[in-house]
Each structure stands twice: as structure tokens, then as C-alpha cells.
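So the structure is just underneath, and the comments pick up after that.
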Amino acid sequence: MPDKQTGVVVLGHGSRLKKANTLIPSIISGLKQSLGLSKIYPAYLQLVKPDLCQSLEKLVKAGCRRIIIVPFFLFVGNHVRRDIPEIIEREKKKYPDVRFIYTQNLGEDSRIADIVADKIRNAWVKESDDEDDK
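Residue numbers for the sequence shown, in my numbering: 20 to 153.
Here is the structure:
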């Protein structure tokens with residue numbers, strides 16, 4: 020699957036809260052191990068660097084000719100539907116020899132329901148355990 024000409028950007032919103040910006044690098048660390056990828060970088064839409072253009076430039080300079088952009092967003096809002104595609108279109112003009120692949124956002128994945136179900140089950144078990152301790 021991975022090859023030397025493929026790079027990945029995991030794109031988050033960005034936050035003023037530093038702790039909120041640690042999730043994407045943590046996800047990337049796991050992806051590097053599970054997928055065997057080395058050219059996978061974070062990017063943020065607002066408030067935090069690197070931004071999408073900076074990460075794309077870094078991948079192009081590293082020799083990537085195919086770049087997969089994963090929007091780490093739950094909902095299809097203005098950023099996912101309009102802002103990010105506009106940035107990608109501008110970058111395509113800068114790098115006509117590069118193929119940009121824009122994936123669906125996280126909320127489009129049916130496994131999200133499984134994650135929510137796990138959270139509910141865990142809360143249920145925790146509450147039952149707390150009741151047993153009384």
C-alpha cells in the first residue's frame with residue numbers, strides 16, 4: 020500500500036487550547052505504525068501551524084506525487100464542503116503534477132456509531148460499578 024511517492028495529511032480544525040491540538044499528532048503516530056507510512060503530516064485549518072498549504076508543500080518537496088488529505092472533522096460543514104476543497108483547488112494549480120485525493124470526513128463512516136455505542140456501554144458499566152461501591 021504505502022509507496023515513496025504517496026503522502027498523507029491529517030487535517031484538523033485547530034484550537035486555541037494546546038491540549039486539543041495534540042490529538043492529530045497522536046493519531047498520526049499510530050497511523051505511521053499501523054500503515055507503515057512515513058510521509059504523513061498534520062495540518063490545521065485555523066489557529067495552529069502547520070496549515071494545509073505548508074504540509075502539502077512539505078510533501079511535494081519530499082517527492083510525493085500523490086497526496087491523500089483526510090479531514091479530521093465529524094460534520095460536513097462549510098470547512099469540509101467549501102473551505103478545504105477551495106484550498107486544494109489552489110494547490111492543484113501550484114502543483115499540476117501532483118494528484119490530490121480528498122477523503123470523506125469522519126462522520127461519513129458508519130463505525131462512528133460503534134464508537135458512540137462503546138461510550139454508552141462504558142458509561143453504563145461505570146455507573147453500575149459506582150452503584151455497587153455504595
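Cβ coordinates follow ideal geometry from the N, Cα and C atoms, glycine included.
{"Query": "Reduced DSSP secondary structure (H/G/I, E/B, other) of Ala81", "Result": "coil"}
{"Query": "Exposure label - Pro44; buried when at least 16 CB within 10 Å", "Result": "exposed"}
{"Query": "Complete alpha helix (DSSP H) runs within the segment 73 to 129 (minimum length 4 residues, chain order)", "Result": "103 to 113"}
{"Query": "Distance CB(Ile106)-CB(Pro90) smaller than 8 Å", "Result": "no"}
{"Query": "Neighbour-count burial assignment, Leu75, 16 or more Cβ in a 10 Å radius", "Result": "buried"}
{"Query": "8 Å Cβ shell around Leu93 - same chain, five flanking residues per side excluded", "Result": "Asn124, Leu125, Gly126, Ile131"}
{"Query": "Cβ contact (3+ pairs, closer than 8 Å) linking the segment 21 to 41 and the segment 55 to 68", "Result": "yes"}
{"Query": "Supposed contact pair Ile86 and Thr122 - C-beta distance, whole angstroms, cut 8 Å", "Result": "Incorrect: roughly 11 Å between the Cβ atoms, too far for contact."}
{"Query": "Rounded separation between Leu42 and Val144 - CA only", "Result": "26 Å"}
{"Query": "C-beta contact flag for Val29 and Ile59 at 8 Å", "Result": "yes"}
{"Query": "Own chain, CB closer than 8 Å to Ile46, minus 5 neighbours either side, in chain order", "Result": "Val29, Phe91"}
{"Query": "Closest residue to Ser57 among Asp116, Gly26, Arg84, Ala39 (Cα-Cα distance)", "Result": "Gly26"}
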